[in-house]
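Residue numbers (full-length UniProt numbering): 1 to 500.
Every residue gets a Cβ at the ideal spot worked out from N, C-alpha and C, and that includes glycine.
All of these numbers come straight from a predicted model, not from anything done at the bench.
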Amino acid sequence: MKSTLFKIIGGLLLLALGVFLGRTLLSSSGESTVPMPSTLQYRNVGHSGDTTQVAQRKEFTGQIIEVKKGGSIQEAVKAANPGDLIRVFPGTYSENVYIDKDDISLQGVVIKGEWPTLDGQHKINDAFLYSGNGILIENFKIINYKGNGIMGQAGNNFVIRNNWIIDTGVYGIFPQFGKNGLIEHNVLSVIADAAIYVGMCDNIDVLHNEVFDSVAGIEIENSRHCLVENNYVHDNTGGLLAFITPGLPIKTAFDIIFRNNFVVNNNHPNFGAPGSTVASIPPGTGILIMAADDVIVENNIITGNKNTGITIVDLATGDPKANDPNSEGNPDRVVILDNIMFDNGNDPTGEIKAIMLTQMQTKGPDIFAYGGGTGSTIRDKNRYRTFGLGDYGPAQIEDTKDIKTMMLGAPVPPRSVTDQELGEITYYGVCAGCHALGTTLIGVDTQIIKDIYVDNPQGIVNYITKPLNLRDDYPEMPPQDYLSEEAKMAVANYILEMTN
């Protein structure tokens with residue numbers, strides 16, 4: 001009996017000793033176990049039913065550049081060549097990183113809960129700006145910037161994932177004028193405009209993100225072919241938005257799917273910049289569709305939004321100051337399929353409150369439609385409390401399960417820009433995020449810029465390079481001094497020649 005007991009105890013001691021030695025002698029620091037980003041095998045997302053699965057089209061042949069605490073991410077970008085991977089280790093990096101090369105991947109390395117953190121200290125405007133194609137940005141904590149966490153400026157084939165973005169000013173993640181992109185598994189909060197803002201883009205998937213405590217949660221603006229799925233959107237002023245902003249170069253928004261999202265308790269007070277488009281979003285807005293066409297709302301859980309669950313309006317109602325004759329302002333062919341909606345509209349505000357009082361009701365509806373628009377349908381009108389859906393017919397589809405992704409089956413070829421197109425591309429990719437012709441976004445109306453700098457493109461160039469905050473009612477404009485002199489002069493001339 002004693003012999004057996006000693007054998008058992010001896011065996012346990014040997015097992016514990018083996019585990020200890022194995023962990024001590026054989027474990028790595030955690031650095032070598034960081035997986036190679038799948039996107040380096042290269043993006044061909046559409047070949048799979050899952051956008052996170054990537055068809056391997058070429059082996060990684062680039063260099064791995066490491067940035068450790070005390071180093072500079074921007075210097076690593078300068079040293080990188082297309083195809084290289086930049087790995088950033090835990091530490092605090094207070095810098096603006098501009099990526100104007102193609103096929104550069106930036107991967108944060110998280111070790112024992114410590115993240116590489118970009119801290120703008122409320123002094124720096126942007127954390128990451130990219131204009132290159134094939135950019136990957138993943139595994140970063142980004143805090144305390146004045147403008148943007150991650151902004152794309154006409155870059156295609158991008159992947160932005162697994163980032164933690166807090167209090168980065170106007171926008172959290174903002175791809176502008178890009179095509180074929182994936183935004184997934186990010187967490188964003190305390191953003192003064194839109195946490196995730198897809199502006200003037202095509203073929204974008206926005207998946208598995210959490211956004212909260214911001215003015216707009218996820219905003220699809222003047223964009224086409226977008227899938228917004230499996231996101232947790234809560235405690236914002238407005239949750240999910242699809243709309244047209246007049247005055248922008250791209251005049252349409254269509255083919256957008258909101259599917260399988262949690263849209264919960266979006267009742268945060270609106271702290272958007274006065275006069276901006278999002279400043280007019282009423283607290284308590286679950287989903288807002290304004291002038292966008294062919295939007296499908298399917299299988300979402302929409303609850304606790306005190307104004308309405310879903311609001312569908314035209315531009316004349318939602319943005320009455322808009323003045324763009326080339327923007328068609330009606331939301332056409334909206335499709336409402338099966339959704340779970342309850343406990344919405346308990347404390348309506350503004351126009352919705354006034355309209356509901358005319359119906360002798362004090363509670364807002366699950367779905368509110370007002371203004372123009374044709375061809376819209378709903379699967380089962382009777383399962384929701386609705387207002388203004390009298391012209392909605394029965395939906396002609398049951399679901400969108402055959403649509404797995406809006407991304408393309410192969411990367412978009414690199415954009416070729418002629419000298420004549422340089423000003424237009426620069427305006428689309430850089431300026432149009434904050435400026436529109438005939439209306440106010442974040443910055444001053446482009447028409448006012450035209451009026452101030454008549455026949456003086458060099459004046460615009462000087463301001464772009466070193467802006468002064470001359471208006472108390474607008475936020476400070478960040479310098480765009482990273483642009484080439486050719487690009488600055490080209491965009492200055494383009495602005496002066498613009499018409500709606």
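Exercise. Opposite residue 290 in the DSSP bridges: which residues?
Worked result: 243 and 313
Problem set entry | From 184, 116, 497 and 478, residue whose alpha carbon lies closest to that of residue 446 | That would be 497, whose Cα lies nearest to the Cα of residue 446.
Exercise. Three or more C-beta pairs closer than 8 Å, one from the stretch 226-243 and one from the stretch 262-282: is that the case here?
Worked result: yes
For this session: Output yes if chain D places a C-beta closer than 8 Å to the C-beta of residue 95; else output no.
Result: The structure shown contains no chain D; it holds only a single protein chain.
For this session: Excluding the 5 residues preceding and the 5 following residue 242 in the sequence, name in chain order all residues of the same chain whose CB lies nearer than 7 Å to its CB.
Result: 220, 253, 256, 289, 292 and 295
For this session: With DSSP collapsed to three states, give me the class of residue 79.
Result: Helix.
For this session: Identify every run of the alpha helix (DSSP H) within the stretch 323-400, keeping only runs that are complete inside it and at least 4 residues long; order them along the chain.
Result: 350-358
For this session: For residue 484, count neighbouring C-beta atoms within 10 Å of its own C-beta (all shown protein chains included) and say buried if the count is 16 or more, exposed if not.
Result: exposed
For this session: Could you name the residues of the same chain whose beta carbon sits closer than 6 Å to that of residue 12, not counting the 5 residues immediately before and after it, in chain order?
Result: Per-residue confidence for residue 12 stands at a pLDDT of 45, beneath the threshold of 50, marking its modelled position as unreliable; no derived number is given.
Problem set entry | Nearest-angstrom Cα separation, counted from residue 88 out to residue 387 | Here the alpha carbons of residue 88 and residue 387 stand approximately 52 Å from one another.
Exercise. Three-state secondary structure (DSSP) at residue 457?
Worked result: Residue 457 falls in the helix class under three-state DSSP.
Exercise. What's the gap between the Cα of residue 73 and the Cα of residue 64?
Worked result: So the alpha carbons of these two residues sit roughly 13 Å apart.
Exercise. Alpha carbon to alpha carbon, what distance is there between residue 468 and residue 69?
Worked result: 34 Å
Exercise. Who pairs with residue 105 in a beta bridge, going by DSSP?
Worked result: 85 and 136
Problem set entry | Start-to-end residues for the beta strand (DSSP E) that takes in residue 211 | 210-212
Exercise. DSSP beta-bridge partners for residue 153?
Worked result: 176
For this session: Would you mind giving the Cβ-Cβ distance between residue 86 and residue 109, rounded to the nearest angstrom? I have them listed as a contact below 8 Å.
Result: Between residue 109 and residue 86 the Cβ distance is about 11 Å, and since that is not below 8 Å, they are no contact.
Problem set entry | Reference residue 178, options 189, 222, 168 and 347, closest by Cα | 222
For this session: Could you say which of 375, 370, 345 and 376 lies nearest to residue 361 if we only look at CA atoms?
Result: 345
For this session: Specify, as a first and last residue, the run of the alpha helix (DSSP H) that residue 141 falls within.
Result: Per DSSP, residue 141 belongs to no alpha helix (DSSP H); it is in the beta strand (DSSP E), 141-143.
Problem set entry | Cβ neighbours of residue 435 in the same chain (closer than 6 Å, five flanking residues each side left out) | 443 and 446
For this session: Just mark residue 383 as buried or exposed, buried being the case when its beta carbon has 16 or more other beta carbons within 10 Å.
Result: exposed
Exercise. The alpha helix (DSSP H) with residue 227 in it runs from where to where?
Worked result: Looking at the DSSP string, residue 227 is not in any alpha helix (DSSP H); the run it does join, the beta strand (DSSP E), is 224-229.
Problem set entry | Cβ neighbour criterion (16 or more within 10 Å) applied to residue 176 | Label assigned to residue 176: buried.
Exercise. Is residue 463 helix, strand or coil when you go by DSSP?
Worked result: helix
Exercise. Do the stretch 92-103 and the stretch 446-455 touch if we need at least three Cβ pairs shorter than 8 Å?
Worked result: no
Exercise. Of the choices 247, 304, 273 and 151, whose alpha-carbon is the least far from that of residue 262?
Worked result: 304
For this session: Figure out for me which residue from 173, 102 and 202 has the closest Cα to the Cα of residue 162.
Result: 173
Exercise. Hey, how far is the Cα of residue 400 from the Cα of residue 337?
Worked result: 9 Å
Exercise. Taking the DSSP output, what are the residues bridged to residue 205?
Worked result: 182 and 227
For this session: Sort 378, 132 and 230 by Cα distance to residue 208 and report the nearest one.
Result: Nearest option by C-alpha distance: 230.
Problem set entry | Residue burial classification, residue 122 (beta-carbon count within 10 angstroms, cutoff 16) | exposed
Exercise. Rounded to the nearest angstrom, how far is the Cβ of residue 155 from that of residue 183, given a contact under 8 Å?
Worked result: 13 Å between Cβ atoms; not a contact.
For this session: List the residues that DSSP assigns as beta-bridge partners of residue 161.
Result: Partner residues in the beta bridge of residue 161, as assigned by DSSP, are 138 and 184.
For this session: State whether the stretch 452-467 contacts the stretch 390-399, with contact taken as three or more CB pairs (one from each stretch) at a distance under 8 Å.
Result: no
Exercise. Using DSSP with H/G/I as helix, E/B as strand and the rest coil, what is residue 424?
Worked result: helix
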